[in-house]
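For reference, the structure discussed in these notes is given below.
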Amino acid sequence: MANTTGIRIDPLYQGFEHAELFIIGIFVGAPLEVCLGALLLRWTRPKKAHQPKRQIAPILLDLVNVFGVAYQVSNLIVLFLDETTCVPFYIFNNMMSQLFFIFSDMFFLFITYLMSDFSSWVLSFAILLTFNRVGWGIADVAYSGGLFILEDSSCIYSQNIITGTAYPLSDMAADLFSTAVMVHVVIHKLRVHSNVSINLVTRNGIRSATITAISTFAMWAISVWEDQFYLTLMYNAQIYVIARCVNYDTLFDEQLSKRLNQKSKALAAVDKAKETLTESKRPRRHTLEAGLLPARNPFG
């Protein structure tokens, strides 16, 4: 028998005060606004032809936002569940949650694969991490869900302890892997003192640290907190942080497709130097710009 722990989700009329409902509305609405805004920005921008492999990233981005919207809307509806809707709707709610996290992981892993210059071993690890995460997601949907208590007419979400611990750890493993690969790539493609290297490492490092921190805090809060109000705020804060990280490029007016299909200025300078070297047949050390290394696949 599955080992579970009950987390109370009270109906609206039995639960929060008006002030608490107002605050919850803000916390639920914040990630909803991020995902909806990102979808509108993506869909209203002119469509351009890209390389087939790099068309996958925008598709994954859209899927993250679509399931993020569905998950946040369902988080509002759970306040109104009754005996007939408790069990089936929590299946839907949990599925939207799992799909949001799974496609977020897939998005970050695919970007890592692109940055690794399509390394075969990075792809292998990314696929392994994805299957691991999908497996735990399916298990959580199967072993966790809503239970209606007739005595006090309340809907309780029963979270399986094993799956509730395993799938957040799988998310953290995927994110740490992405960060490790990114650091490896920039160190081998550009010197550490290059501005491009520093920016890439800083951005990815902060993103990874932020998501890892919020996931760790969420796991701790679930095991310690009993107040449903603060747990609700924590869940939605976690979704908000992930949504902001996934949509960083879109929401800050940087076209993801453009960034993925164009070389950085530094790597373009290296290519130009190579062309000059070929044409002039001068010694290599006199043509490469100072501070740059030849672009190559660091994974062999």
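For the sequence shown, the working numbering assigns the number 3 to the initial residue and increments by one for each residue that follows. Using N, Cα and C, we set each Cβ at its ideal position, and we do this for glycine too.
Linking Val183 to Met221 through their CA atoms gives a straight-line distance of about 26 Å. Secondary structure of Phe150 (DSSP, three-state): strand.
Between Asp142 and Thr114, the gap from beta carbon to beta carbon reaches 8 Å or more.
Beta-bridge analysis with DSSP links Ser156 to Ile151. Judged by pairs of C-beta atoms under 8 Å, the segment 57-70 does not touch the segment 225-232, as fewer than three such pairs exist. Excluding five sequence positions before and after Leu152, the CB atoms of its chain that fall closer than 8 Å to its own CB belong to Glu85, given in chain order. In the three-state DSSP reduction, Ser118 falls in the coil class, being neither helix nor strand. Taking C-alpha positions only, Thr218 is separated from Ser172 by approximately 12 Å. Less than 8 Å separates the beta-carbon of Tyr242 from that of Val36.
Distance from the CA of Phe24 to the CA of Phe103, rounded to the nearest whole angstrom, comes to 26 Å. The Cβ-Cβ distance between Phe105 and Leu62 falls below 8 Å. Here DSSP, grouped into helix, strand and coil, assigns Asn249 to coil.
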